[in-house]
Amino acid sequence: MTQPQTRRTFLAGLTAASAILAFSPSARAWLSQPDAASDAVCLPSLDGQLLFAPDDLAAAADDFGHIVHQTPVAVLLPGSIDDIRAILRFANAHRIPVGGMSMIGNTHSVYGQSQVEAGIVINMASLATIHEIDEDSALVDAGVRWIDLLAATTPLGKSPPALTDHIDLSIGGTLSVGGIGGQAFRHGMLVDNVLELEIITGKGKLIACSPTHHADLFQAALGGIGQFGIIVRARVRLIDVPGMARRYTALYPALVDLMADQEKLIDDGRFDYLEGFAQPAEGGGWVYQIEAVKYYAAGEPPDDAALTGDLTFAPSTLTVEDLTHFDFTNRIAPLVALLKSVGAWQLPHPWIDMFVPGSEAASFIQSVLDQTTPDDMGGGPILIYPFKRAAVTAPFVALPDEPTVYLFSLLRFAPPPVVATLLAKNRAIYETLRDLGGKRYAASGIPFTSADWHDHFGALWPAFAHLKHRFDPRRILTPGPAIFD
Ligand SMILES: Cc1cc2nc3c(=O)[nH]c(=O)nc-3n(C[C@H](O)[C@H](O)[C@H](O)COP(=O)(O)OP(=O)(O)OC[C@H]3O[C@@H](n4cnc5c(N)ncnc54)[C@H](O)[C@@H]3O)c2cc1C
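Residue numbers (mature numbering (1 follows the signal peptide of the UniProt record, and there is no 0)): -29 to -1, 1 to 456.
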């Protein structure tokens, strides 16, 4: 029998290994010879591949944040759903941590949420088939990106009702955190537009669930931060959409005026999409931009005066632009290409996304902005927009208990030397928000402990912990966010 190894020695051993065939539970070691340990257990046979090469492990030890680096021992490139089931059963039996990751170019987590120290990362990008598109729904693998789904539904005049700003994100990864965008005021988040899921639990059991069938698992997985199972397939809602989008942007000198107009617009619903931003003002401070979009059929443009005539922005700043629905929805893509070409995309991203109670939003957002400089942002955007609490039904997407909630995001691009300072700022901002009844978004980069998560879920914590015990009793799934230490 082999002697117990430290993680360092067994990772060193892996580097030299040509093929890994077995695992020794007592030594916590992977073996290239199945008879190298008396308790060696052969790896399950797979349709896909388990990758152990240093480059594959290094890729899985990074994310869009470039702040946290946790190195797995293997990356599963599943060839089938059965592979995920086999690996989860194996991992559950031997208490090996596992997490899903959308390794499409890179995972979009910013703080190690999808990384798995000394465990197995499942690269969901290898299961990315759109199985079916019908009148009002699409059945997709979790590794499908929203942009691919939209490309397939656009020729049919259909779209998911709600989408994130950046749509080059995986369906499984976004459904695990929530998924918010400018349609949230009407359609809620991505998680509010799912009809069915297929999930493999931490015990390796494949369960098909919906609001009426295994409803507890269905509700837990949506916004459940990967804690209860790996989502392998989803049936997501589609609606009919006109082919064109007219986008209006304009500036407000004062935050409260932007917010007053935004709240009027989510109440009367005259637009299909509504967001807002803070931008550096000439001479210092911030100026506030509204972004409102009306979808329309080609040849039937909306009435600009009827849509914007009673809004209080500075009239000379109004811009009106017509795009196809697809190009509007994929509007971030050219910016991403530009940021990649100048190296900014590759910088660390200590992002903080917050849900602010409507009653506190003006003073909280203003006070954070008063303490934030353009240098703190590195050119990254600041998002400010309201939505209705009632539109979000997924229980574990924790939100303030008020009818109107603001998304407030500081999407920072930071050179490495200032990352620690900005993370400390994020933490301080979060603590003020928490004391006002606000919540963080799971996708944020905020130093957080298990006790913080307990506090975050509040009255929902016992239910969250109970479901964890039911579906992942050995707590092997998704250790990255450190919810269960
Ligand atoms: C440029 C950019 C723009 C963004 N814009 C928005 C936006 O407008 N709105 C918004 O809401 N968010 C936005 N996000 C955040 C994004 O929604 C999160 O990062 C989310 O995690 C999706 O990323 P992903 O698909 O890369 O998943 P990953 O980062 O790989 O995974 C996210 C979490 O889900 C888990 N996971 C992944 N796949 C599965 C699965 N199949 N089953 C179970 N768990 C799984 C992971 O372990 C991890 O904990 C943006 C992020 C970036 C980088």
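Backbone N, C-alpha and C define an ideal beta-carbon position, used for all residues, glycine too.
Report the rounded CA-to-CA distance for residue i versus residue j, giving the unit in angstroms.
{"i": "residue 457", "j": "A113", "result": "The chain is shown from -29 up to 456; residue 457 falls before or after that span and cannot be answered."}
{"i": "T392", "j": "P251", "result": "21 Å"}
{"i": "Q154", "j": "A361", "result": "14 Å"}
{"i": "T100", "j": "V111", "result": "6 Å"}
{"i": "L282", "j": "P374", "result": "22 Å"}
{"i": "T279", "j": "D232", "result": "10 Å"}
{"i": "I67", "j": "I91", "result": "7 Å"}
{"i": "residue 457", "j": "A269", "result": "The question about residue 457 has no answer here: the residues shown for the chain are numbered -29 through 456."}
{"i": "L382", "j": "H184", "result": "38 Å"}
{"i": "Q190", "j": "P182", "result": "7 Å"}
{"i": "P213", "j": "P345", "result": "38 Å"}
{"i": "H296", "j": "D243", "result": "11 Å"}
{"i": "I417", "j": "S85", "result": "15 Å"}
{"i": "H427", "j": "Y219", "result": "36 Å"}
{"i": "L229", "j": "A414", "result": "26 Å"}
{"i": "P224", "j": "I170", "result": "48 Å"}
{"i": "H65", "j": "M72", "result": "21 Å"}
{"i": "L404", "j": "E331", "result": "9 Å"}
{"i": "P(-26)", "j": "S(-6)", "result": "Unreliable placement is indicated for P(-26), whose pLDDT of 33 sits below 50; the coordinate value is still reported in the next sentence. Spanning the two alpha carbons is a distance of roughly 9 Å."}
{"i": "A(-3)", "j": "A7", "result": "11 Å"}
{"i": "P387", "j": "A308", "result": "22 Å"}
{"i": "Y377", "j": "A(-1)", "result": "48 Å"}
{"i": "E294", "j": "I336", "result": "Correcting the residue type first, residue 294 is Leu in the shown sequence and not Glu. If you take the alpha carbons of L294 and I336, they lie about 31 Å apart."}
{"i": "A(-14)", "j": "A29", "result": "Only weak support exists for where A(-14) lies, its pLDDT of 38 falling under 50; the value from the coordinates is given anyway. So the alpha carbons of these two residues sit roughly 15 Å apart."}
{"i": "L98", "j": "L177", "result": "16 Å"}
Just to check, is the beta-carbon of residue i closer than 6 Å to a non-hydrogen atom of ligand 1?
{"i": "residue 472", "result": "The structure shown does not extend to residue 472, since the chain is modelled only from -29 through 456, so no value can be given for it."}
{"i": "V327", "result": "no"}
{"i": "M348", "result": "no"}
{"i": "D136", "result": "yes"}
{"i": "S380", "result": "no"}
{"i": "M230", "result": "no"}
{"i": "V165", "result": "no"}
{"i": "V313", "result": "no"}
{"i": "A113", "result": "yes"}
{"i": "Q84", "result": "yes"}
{"i": "A414", "result": "yes"}
{"i": "I201", "result": "yes"}
{"i": "L140", "result": "yes"}
{"i": "G197", "result": "yes"}
{"i": "M95", "result": "yes"}
{"i": "H185", "result": "no"}
{"i": "G143", "result": "yes"}
{"i": "H102", "result": "no"}
{"i": "S147", "result": "yes"}
{"i": "T300", "result": "no"}
{"i": "E91", "result": "It is Ile, not Glu, that sits at residue 91 in the sequence shown. No - ligand 1 has no heavy atom lying nearer than 6 Å to the Cβ of I91."}
Going by alpha carbons, who is nearest to residue i out of the options?
{"i": "E106", "options": "R398, L382 and T125", "result": "T125"}
{"i": "C13", "options": "M95, F435 and R60", "result": "R60"}
{"i": "I104", "options": "L209, T449, I67 and G175", "result": "L209"}
{"i": "D211", "options": "G197, A179, E246 and Y267", "result": "Y267"}
{"i": "A179", "options": "E331, I52, L28 and P(-5)", "result": "I52"}
{"i": "D119", "options": "D136, S108 and L140", "result": "L140"}
{"i": "D347", "options": "V363, V390, P371 and V307", "result": "V390"}
{"i": "D324", "options": "A285, Y219, S181 and S80", "result": "S80"}
{"i": "P357", "options": "G195, D238 and P132", "result": "D238"}
{"i": "L47", "options": "I55, V207 and I336", "result": "I55"}
{"i": "F248", "options": "D136, L127 and S415", "result": "D136"}
{"i": "R157", "options": "E246, P366, G173 and Y219", "result": "E246"}
{"i": "A32", "options": "T42, V148 and V227", "result": "T42"}
{"i": "F23", "options": "Y82, A89, P(-5) and A(-3)", "result": "A89"}
{"i": "A277", "options": "T290, V291, R241 and E262", "result": "R241"}
{"i": "R446", "options": "K176, A30, A62 and P25", "result": "A62"}
{"i": "S287", "options": "L222, S16, T343 and G197", "result": "L222"}
{"i": "I38", "options": "P15, L318 and L17", "result": "L318"}
{"i": "L354", "options": "I58, I151 and G159", "result": "I151"}
{"i": "residue 458", "options": "E262, A122, A(-8) and D187", "result": "No answer is possible for residue 458: it lies beyond the span of the chain, which begins at -29 and ends at 456."}
{"i": "S147", "options": "G200, D372, A(-11) and A395", "result": "G200"}
{"i": "T78", "options": "G70, A96, T290 and D34", "result": "D34"}
{"i": "K359", "options": "L236, G70 and D423", "result": "L236"}
Would the beta-carbon of residue i be found less than 6 Å away from any heavy atom of ligand 2?
{"i": "F35", "result": "In the structure shown, ligand 2 is absent; the only ligands present are ligand 1."}
> Residue ranges of each beta strand (DSSP E) run of no fewer than 3 residues wholly in the stretch 158 to 187, ordered along the chain?
Replying inline: 165 to 172 and 177 to 180
> For the stretch 260 to 306, which segments carrying the alpha helix (DSSP H) assignment without a break, of at least 4 residues, lie completely within its bounds, in sequence order?
Replying inline: 275 to 279 and 296 to 300
>> Threshold first: 3 residues or longer. Then list the beta strand (DSSP E) segments lying entirely within the stretch 307 to 333, N to C.
In response: 323 to 328
>> As an exercise, report each continuous beta strand (DSSP E) stretch of at least 3 residues that is fully enclosed by the stretch 37 to 92, in chain order.
In response: 45 to 48 and 69 to 72
> Which whole runs of the alpha helix (DSSP H) in the stretch 5 to 35 are 4 residues long or more, in chain order?
Replying inline: 25 to 31
> Which parts of the stretch 359 to 423 are runs of the alpha helix (DSSP H), unbroken and 4 residues or longer, counting only runs that do not cross its ends?
Replying inline: For the stretch 359 to 423, whole alpha helix (DSSP H) runs of length 4 or above, ordered along the chain, are 390 to 406.
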